[in-house]
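Here the sequence shown is numbered in the working numbering, starting from 181 and rising by one per residue. Just so it is clear, CB atoms sit at the ideal spot from N, CA and C, and this is done for glycine as well.
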Amino acid sequence: MTALRVFAVFLLAGACEVGGGFFVWKWFREAQPFVWGLAGMILLALYGVAAALSPLEFGRAYAAYGGVFVILSILWGMAFDHFRPDVRDWSGAALILCGIVFMVWGRK
């Protein structure tokens with residue numbers, strides 16, 4: 181298992197899940213056209229496929245990816261929804277990142 185492959189799979193899965201959720205959110209809560217919701221649903225389905233590409237065991241892959249999801253959600257919100265994280269958001273993300281590293285690569 182290479183660190184690069186795990187990182188790439190997590191980024192792909194994150195883009196699909198966070199992007200898909202964002203499009204559904206915009207359609208459902210902010211009255212964007214249905215095509216936004218449909219695009220979101222397709223991306224969310226692709227997330228399941230992308231996550232399955234991970235070389236890690238299911239439990240470890242999904243637990244570690246959950247941390248990546250938190251960090252990508254903050255970054256996505258900043259880029260596309262005018263979200264401005266505070267020091268608590270960044271501190272929490274840093275703790276989560278440490279947990280991801282420990283879970284995925286800590287046994288070597």
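Following the DSSP letters along the chain, one finds Arg-268 inside the alpha helix (DSSP H) bounded by residues 267-285. In the displayed model, Ala-225 falls within a helix according to three-state DSSP.
Runs of the alpha helix (DSSP H) spanning 4 or more residues and lying entirely within the region 184-261 occur at 214-232, 238-260, in chain order.
Distance from Phe-203 to Leu-223 at the Cβ level is roughly 7 angstroms; contact confirmed, criterion being Cβ atoms closer than 8 angstroms. Rounded to the nearest whole angstrom, the CA to CA distance from Glu-210 to Leu-252 is 21 angstroms.
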